[in-house]
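Sequential numbering from 1 applies to the sequence shown in full-length UniProt numbering. Built from N, CA and C at the ideal position, the CB exists for glycine as well. In what follows, a single structure is set out as structure tokens and then discussed.
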Amino acid sequence: MAETVDDEGAIVKELATWQQDVKDGRSTSFHIHPTDHPSQTELAHQWSIPNGSQDDSIVDNTLAPMTTSADIHVDLPDSAQEDTTIIAGEEFNWNDTVPEQGQTGDNMDDLLSWLFNPATDSDILSSSTIPLDNQSLFEDLQNKGHNDNLNPDETDLEVRSDLEYQSNINMIPTLSQRPPSRMRSTYPENYIPHVPPPVPSQNIYPDLSERWSSYRPWRVPPNVEMVDEEARASMLDLFGNTARQDLMSPSFSLQQMRLHLELYFMHFAPLYPIVHEASLPYRKLPPDLLLAMICVGTAFANDPEGLEMASKVHKHLRTRVFDMVEDEPTASVSSLQTILLLNHFARSFCSLKQHDVAQIFHSPIINLARQSGMLLPNFDRKLQNSLDDPMACWLEWVAEEERKRLGWFSFMMDTENAALYRGFLLIHCYLIQIDVPCSDEVWQSSNPLEWNTALTQSVRPPSFRSLLRDLAGRGYIAPSLTKLVLWILLHGLHCVQWTLLWRDLGDLSMVHVSKITNWKDSCRKAFDTWRTYVDDNFGMSNPSLKVSPLLSTAEHPMLSAGIPFSHLGTVLLLSDTEQIRIFAGTKKIAGRPISPGEWAAANIYVNSWAKSQDGAYCCFAALRLLAHVFRWSSETKFQRTSMVPWCVYLAALVIWSYSSALEGHDPLLAPFILITSSSSNSNPQVRIEPSLAQRSAIDYLDNLLSVDHPFSLPSIKGKNRCAGVVAYTAYLAGTLKRGVMEECRAVLLGLLTEHV
């Protein structure tokens, strides 16, 4: 062990000497034998900033020019050339062997470089693709990056160091200007990422409109009621006596069931269209799937008793599906639709305990979907029915399209679980091989003739992987994408931001900090690009239209949920919201009680994060999220989607934590907050006047959003006086009557009564 320490000390010393030689412009080689592995701790000290810090100014200036120079290779002994290649700014991968062409083994960093650096395809971006925060600095770095001279001019280096030093001692400490991500790729010219091409999919149905229109004996069958006495009896037959008694509740009468099913298609299906509504009159759904859809519909009804009964029924349904898996470790499309709907219902609309239980069941459900092949294309797809039977052909296509959309629904549920609740990703966006869903015209066709005509005329969009790369790396969104494809793309960005956040929090010893920060800048701007595109094409970007209450109520749920969710993408990318929740006083995380040591660690994290440039960008994004929801959203719209309340809650905690860490805790006193003490209850009672709290919150948001740049946020005084933001968020959370949001409301009320 002593010999190993001495060897590592010699290596670190030689590495420091080599860095100084590069700074002085002397050509040198750094020799490391492949068997003499330096420790990751020492490499992290030499090559990256301390874990958790995002301050660019503390990066060693001797390494700064390397991020914009051409390819830099380190000369190794001849015996090591076939085993190890080091590329400046890349991961130190000592274990993977290099193929004969001198290419390192692919890993997540390779995929991120492929995603954010389109220059690997000889497609150089122009600076006009995405708006830049600092155009002059970006152009200056681009010019230097394309300079073939590997030895930077010492004068430029000294000037840059002086500028960074001045930025640190100015009014905004620890925040330095940086250009957005358009760093030049450090890969060799012959580097080809091992990213398999998407599997092509062709339309197997020819144009049959003329053939079917002349086929006189065929006609559309009469419509049938989806929920009738027979369907209700089939649902009752699924359970024993206890669950049957729950279904006998007046909230599950035949009329109420039909109402809840209609609410499902009105509020939930536009965001997650996984069941083909137009064909339902001509086919029978399994009773467990139909009941799961009804349970989800109760969440949008003004029926607390129905929601309570549905929360009891869903447990019996979930148990039944898992009992079926005991006999066969795969599941049908309808069984997976059922279990995914029920788990989303429990996680988003039921009690806090059921929310935590849904988190436990999430992993086996996603694994069941993967094991059942829902994320793979149908390689053996072929016509199963005669082309002379229009209804059979249509229903055959519906079954395949629902299977494909179920795969996307699994991906979106997994991404939301990881992004909103800080779970772990089980389905990464790179793993999906299925095509994107069909166009709205094809999906919404009401009969086989309309369907075949729309299918023949529709244009197959690019693959999801190509669409995501265009958005993340080029800031480009293909025209004429459907709302569902755009919604899936937003989840793809959240999948990437989750990966980048955990890379940033735990793997700075493996990836150079400049690469992480540049990737995060690209991802942040991709969220802005998505939001601008959706608002321009589907929203009410015209101010004269925004104030129209009639148009506001007709807004598509994708817009109501997508705009806040895209703002939250930046918040999640630049902060560890689990630490922020602990800092704000939440009692449990995923059912686990918070210990004093965890709160102390969260306190250290928040105080360090608030002083970083990530903290400023994150708080600014949270301000924009709340401004959008508070200004243009009514309480009814707030309740229409499952994720918007959670987005608002996290944004309010980010603003409070950021301002409190910089300026200290404020007692949050305001005339619209009435606090009374009760002798029978130790907890004080809080009553909030919503209209005054909303006005105070909007004034606060307008004041902070008036800054020219997020870097100016620390200079604004009174940031910690955010009583209106906290109070109005607590009021909105209390209107939902959802268990998980009741816990959020308790945390917010705790901030308001902390001084009592």
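With respect to K404, D435 sits close: the two C-beta atoms are nearer than 9 Å. No residue range can be given for T586, since it is assigned to no beta strand (DSSP E) and is classified by DSSP as neither H nor E. Beta-bridge pairing by DSSP links V686 to I675.
In the three-state DSSP reduction, P593 falls in the strand class (E or B).
Classified as buried, A727 has 16 or more neighbouring CB atoms from the shown chains inside 10 Å of its CB.
Counting C-beta atoms within 10 angstroms of its own C-beta, R592 has fewer than 16 neighbours from the protein chains shown and is therefore classed as exposed. Under the three-state reduction of DSSP, C350 is assigned to coil, being neither helix nor strand.
Counting of Cβ neighbours within 10 angstroms places I604 among the exposed residues, the total staying below 16. Nearest to A661 by alpha-carbon distance, out of H709, R469, W609, A670, is W609. Sixteen is the threshold: when 16 or more other Cβ atoms of the shown chains lie within 10 Å of the Cβ of S612, as they do, the residue is buried. Residue nearest to L425 within the set P462, T453, W502, L481 is W502 (criterion: CA-CA distance). Sequence-distant partners of L500 (beyond 5 residues in either direction) whose C-beta falls short of 8 Å from its own C-beta, in its chain, are L112, I516, W519, K520, C523, L573. For F620 against L713, the beta-carbon gap comes to about 6 Å, under 8 Å, which counts as contact.
If you check the CB distance, P557 and P270 come in under 9 Å. Cβ-Cβ distances below 7 Å link G615 to W609, Y658 in the same chain, with the five nearest sequence neighbours on each side left out; the list follows chain order.
In this structure, the alpha-carbon of S334 lies about 47 Å from that of Q685. The continuous alpha helix (DSSP H) containing N452 extends over residues 448–457.
Ranking V227, L340, A346 by CA distance to the CA of L254 puts V227 first. The criterion of a C-beta distance shorter than 9 Å is not satisfied by I655 and C744. Counted as a single uninterrupted DSSP element, the alpha helix (DSSP H) harbouring P287 occupies residues 287–298. In this structure, the straight-line span from the alpha carbon of L751 to that of I488 is close to 36 Å. Contact check for I477 against T529 passes: the beta carbons are separated by less than 9 Å.
DSSP, read as helix, strand or coil, puts I274 in coil. Excluding its 5 nearest sequence neighbours in each direction, S446 has C-beta neighbours in its own chain below 6 Å: A278, listed in chain order.
Less than 9 Å separates the beta-carbon of I432 from that of F411.
If you compare the alpha carbons of W397, E555, C393 with that of N378, the shortest gap goes to W397. Measuring C-alpha to C-alpha distances from D356 to each of A369, G473, Y421, T298 identifies Y421 as the nearest. Put simply, the segment 696–708 does not touch the segment 311–318. Fewer than three CB pairs are less than 8 Å apart. Proximity of the segment 464–476 to the segment 442–456 falls short of the contact definition, fewer than three beta-carbon pairs being nearer than 8 Å. Note on Q256: 16 or more other CB atoms within 10 angstroms of its CB, so buried under the neighbour-count rule. Annotated three-state conformation of N302 is coil, per DSSP. Ranking I594, I294, P250, P273 by CA distance to the CA of A231 puts I294 first. With a threshold of 16 other beta carbon atoms within 10 Å, L669 falls short and is exposed. Beyond the five residues adjoining it in sequence on each side, L317 comes within less than 7 Å, by CB distance, of D288, L291, A292, T338, L342 in the same chain, given in chain order. In the DSSP assignment, K404 falls within the unbroken alpha helix (DSSP H) covering 390–421.
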